[in-house]
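Trainee:
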């Protein structure tokens, strides 16, 4: 059986990418279709997997500016041909679920979230964006919302990663979703009984606006308590500025699993 896995983009390694790896363990010969792929940042995670990228991959700096290319994502995903496949699995928080699949091929979409910046967090993203981004958001977002709704009607089976996401799917797409919670890799993260507990907090996340790491920093700053911020992303510079040199707030950037696990096992809170 030929299986295609469609994922929004492969530019960083996070929770959504671990989910794709889970599918690859289930279907080791599956092929991946994605907007853009940054092999350097993903390292060996998808080594040996046949990866198809969209035409946007050819643009200069595509793996850095891809979030600015929302207007062109629907066409990019709709250009993939799945006529030779037996099953299409979509891992989507943006446009990946909008592929066009032949009627005889089942399409299952695991939705991490409907597009936040198109729907409920539109005004929040708009407030945080620069003038040029706001201009194009106002110009194009109505069209994106329409495509997002219409493309959701083509999916055979929609799966949500929580009841909350299922409610958002119902509200924005008027589709019912089966709820299947994301699995936990107990080989990657587990408690350690003999770990030395330390008095600090941990914020582990992609440093992007909707994760609201700024709330954690604002709550800690000036209190004398310690916070370790683990991760990287577009908000990194702003969050450093927000911390304003507080010596009790530490930014580690991206760390490997061993270091991350040690932090999580040692935190006393």
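Numbering (my numbering), first residue to last: 1375 to 1643. Each residue gets a CB set at the ideal place from its N, CA and C atoms; glycine is no exception.
Pop quiz: residue 1407 and residue 1419 are said to be a contact at Cβ under 8 Å. What is the actual Cβ separation, rounded to whole angstroms?
Mentor: In fact, because the Cβ distance is near 16 Å, the residues do not count as touching under 8 Å.
Trainee: Return the first residue and the last residue of the alpha helix (DSSP H) that residue 1505 is part of.
Mentor: Here the alpha helix (DSSP H) through residue 1505 covers 1505-1526.
Trainee: Once DSSP output is grouped into helix, strand and coil, what is the label at residue 1474?
Mentor: Correct three-state label for residue 1474: coil.
Trainee: Could you check where the alpha helix (DSSP H) with residue 1633 kicks off and where it finishes?
Mentor: First-last of the alpha helix (DSSP H) with residue 1633: 1631-1640.
Trainee: Pick out whichever of 1628, 1468, 1484, 1539 has its Cα sitting closest to the Cα of residue 1519.
Mentor: Comparing Cα-Cα distances from residue 1519 to each of 1628, 1468, 1484, 1539, the minimum goes to 1468.
Trainee: On the premise that residue 1591 lies in contact with residue 1617, defined as a C-beta separation below 8 Å, what is that separation, rounded to the nearest angstrom?
Mentor: Right, the Cβ-Cβ distance comes to about 5 Å (below 8 Å), so this counts as a contact.
Trainee: Could you spell out the range, first to last residue, of the alpha helix (DSSP H) harbouring residue 1614?
Mentor: Its alpha helix (DSSP H) spans residues 1610-1617.
Trainee: Look at the Cβ atom of residue 1424, then the Cβ atom of residue 1405, and state whether they are nearer than 7 Å.
Mentor: Yes, Cβ-Cβ distance for residue 1424 and residue 1405 is below 7 Å.
Trainee: Using only alpha-carbon positions, find the residue among 1378, 1441, 1432, 1398 that is nearest to residue 1457.
Mentor: If we check each option's Cα against that of residue 1457, 1378 comes out closest.
Trainee: Would you please state the rounded distance, in angstroms, between the beta carbons of residue 1451 and residue 1428? I believe it to be under 8 Å.
Mentor: Residue 1451 to residue 1428, Cβ: 7 Å. Contact.
Trainee: What number of angstroms, rounded off, separates the C-alpha of residue 1547 from the C-alpha of residue 1390?
Mentor: Computed Cα separation, rounded: 21 Å.
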